[in-house]
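Colleague: This is the structure I want to talk about, given as structure tokens.
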Amino acid sequence: MESLKLADLRSALIRQEETIIFSMIERAQFCHNPPIYEPGAIAIPDFDGSFSDYLLQQTEHIHARVRRYTSPDEHAFFGDLPEPILPSLAYPARILDTDINVNDRIRQIYRANILPAICPPGDDGHYGSSATCDVACLQALSKRIHYGKYVAECKYQAETGPYTELVVADDRAGILDRLTKPEVEDAVLERVRHKAAAYGRDISDESAGGGDLDPTAIQTMYRDYIIPLTKDVEIDYLMLRAHT
């Protein structure tokens, strides 16, 4: 396994913050549009799921063909994807190859909790645009949350002994306590709120508000969902890593 430090991940994590915020700003332009999440509400030949799921699945099929999901930092929401048409790449051995995937939870939380917080209620008929934005939002959330594997690898390399002891004792609460850094989380929450406020307004108008997206909704999303799910991924990874 290659040596990995948290400083090595900083630029990637910052970029992922911005990708998430911009994707949420795009989605917030449209109403919630509940019919696109209801299976059968929009008839789709040979597909029983929702319109949003259909577009996500079809997008993943295309992306799989160009080997998106051969990258260790990408995780598909659907299985049974086609083989890539491009030759394989040799990725550096930076993390364990695991089957950790929390995308089902991400999709459920996105629809039940995040969408109602960022979108106006109601139905504006912009189903295609909304579902296209959903794909971008879900992919951005998935990448950031599963990046917890890289964060966990850094922490394991820095404190191998203590984490191994906690894993052997099956002490998930102890692992959570050890990997949690409140001061770091507070800094992230403040940073994403400021970014959401800045990116969501017209920079030519200093008196303008935050635009379509409430910055506190982004802060809440990180606090209540992104950070906890990332820590779940970190714990799952550490439970496997310490046994290798």
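Here this note's numbering is used: the first residue of the sequence shown is 21, the next is one more, and so on. From the three backbone atoms N, C-alpha and C, an ideal C-beta is built for every residue, glycine too.
#1: Buried or exposed for residue 21, going by 16 or more other Cβ atoms inside 10 Å?
#2: How do the region 248-258 and the region 57-67 stand: do at least 3 beta-carbon pairs fall below 8 Å, yes or no?
#3: Between which two residues does the alpha helix (DSSP H) harbouring residue 195 extend?
#4: For residue 238, does the three-state DSSP call read helix, strand or coil?
#5: With a threshold of 7 Å on Cβ separation, who are the neighbours of residue 265 within its own chain once the five nearest residues in sequence on each side are excluded?
#6: One question on the structure: do residue 195 and residue 255 come within less than 8 Å of each other, judged by their Cβ atoms?
#7: Along the chain, which unbroken stretches of the alpha helix (DSSP H) at least 4 residues long are found entirely within the region 39-85?
#8: Say whether the region 43-57 touches the region 133-150, bearing in mind that this needs 3 or more beta-carbon pairs closer than 8 Å, one atom from each stretch.
#9: Is residue 111 closer than 8 Å to residue 91 when the C-beta atoms are compared?
#10: Taking contact to mean 3 or more Cβ pairs, one atom from each stretch, closer than 8 Å, check whether the region 145-163 and the region 120-134 are in contact.
#11: Count Cβ pairs between the region 230-240 and the region 198-218 that sit closer than 8 Å; are there 3 or more?
#12: Use the C-beta contact count for residue 227: other C-beta atoms within 10 angstroms, 16 or more gives buried, fewer gives exposed.
Modeller: Taking the geometry as given:
#1: exposed
#2: no
#3: 192-199
#4: helix
#5: Outside the shown range of the chain (21 to 264) lies residue 265, about which nothing can therefore be said.
#6: yes
#7: 71-85
#8: yes
#9: yes
#10: yes
#11: yes
#12: The pLDDT assigned to residue 227 is 47, lower than 50, so where the model puts this residue is not dependable, and the model offers no usable value.
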